[in-house]
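Report on one structure; see the data block that follows.
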Amino acid sequence: MALSSPRAVLFDLDGTLADTAPDLAGAMNQVRVARGLQPTPYDILRPVASAGARGLIGASFGIKPGEDGFDELRTAFLDTYESAIAVETRLFDGIETLIREMEARKLRWGIVTNKAARFTDLLVPKIGLGHAGCVISGDTTPHAKPHPAPLLEAARRLGLPPEQCWYVGDDLRDIQAGIAAGMATISAAWGYCGHTEPTGWDADAVAESPLHVVELIRSAS
């Protein structure tokens, strides 16, 4: 499917704009070490970083939401992460070029993440994204992705109809939310992607790098 030229491009945060996995995994392993356990290997934690506390606790402790001990671990993890949120976190290579391209073309851009505002508001300015046109966190609307509500709120704040926006994300629920919101969707194959292949998410395009998104914008113009 050919992508129509957008008036705005919206992005997931963890695993799409920023490589947050080192700090997320570091916080998770601090929780393990504090309990006398060995750290979980990074290559086990990285793929689930976009799933936040749920994914990291599941991979590290084998505990799911609702099971005994989950809430305690979640609180410990989130408090630890908040205290060291931008130690190793960096923008992915090519993101700054992508942002410059959008701004040169007068395209609006924003962030739609399931990360709670408690963390988003702290992290976004620390990694140079404070000039985003909008920032929608996981608790900004009553529903988080894959529900379309956060994306629809982002479009509303930008003053644009959803069909004039693209959404770029590295998790299946990002694409599901974008489709439900009526936006064109792009799978960020450079991100964490969980344990599924982004080629199977029914996105309108799969981008191998942020510079590939630049190419998609140019070809749609």
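Read in order, the letters of the sequence shown correspond to residues 13 to 233 in our numbering. No residue lacks a Cβ here, since even glycine has one placed at the ideal position from N, Cα and C. Since the model is a prediction, treat every value here as computed from it, not as a measurement.
What does the Cβ neighbour count give for residue i, buried or exposed, with the cut at 16 atoms within 10 Å?
{"i": "Lys118", "result": "exposed"}
{"i": "Leu49", "result": "exposed"}
{"i": "Pro18", "result": "buried"}
{"i": "Ala167", "result": "buried"}
{"i": "Pro174", "result": "buried"}
{"i": "Asp105", "result": "exposed"}
{"i": "Lys127", "result": "buried"}
Which residue marks the beginning of the beta strand (DSSP E) containing residue i, and which one marks its end?
{"i": "Val218", "result": "217–219"}
{"i": "Leu22", "result": "20–23"}
{"i": "Arg120", "result": "120–124"}
Closest Cβ-Cβ distance between residue i and chain B: below 8 Å?
{"i": "Val226", "result": "As a matter of chain content, chain B is missing from the structure shown, which is built from one protein chain."}
Taking just the CA atoms, how far does residue j sit from residue i?
{"i": "Tyr93", "j": "Ser62", "result": "14 Å"}
{"i": "Gly206", "j": "Leu172", "result": "31 Å"}
{"i": "Asp31", "j": "Leu90", "result": "17 Å"}
{"i": "Arg120", "j": "Leu164", "result": "15 Å"}
{"i": "Arg185", "j": "Asp214", "result": "11 Å"}
{"i": "Leu57", "j": "Gly67", "result": "8 Å"}
{"i": "Gly181", "j": "Val45", "result": "32 Å"}
Who are residue i's beta bridge partners in DSSP?
{"i": "Ser199", "result": "Gly181, Val218"}
{"i": "Asp186", "result": "None; Asp186 has no bridge partner."}
{"i": "Asp31", "result": "Arg102"}
{"i": "Val147", "result": "Ile123"}
Roughly how far, in whole angstroms, is the beta-carbon of residue i from the beta-carbon of residue j, given that I think they are within contact range, below 8 Å?
{"i": "Ile123", "j": "Ile139", "result": "Not really, about 11 Å apart at Cβ, beyond 8 Å."}
{"i": "Ile191", "j": "Ala219", "result": "That belief does not hold up - the Cβ atoms of Ile191 and Ala219 are roughly 16 Å apart, past 8 Å."}
Taking the alpha helix (DSSP H) that residue i falls in, what are its first and last residues?
{"i": "Lys138", "result": "129–138"}
{"i": "Thr87", "result": "82–95"}
{"i": "Glu115", "result": "107–116"}
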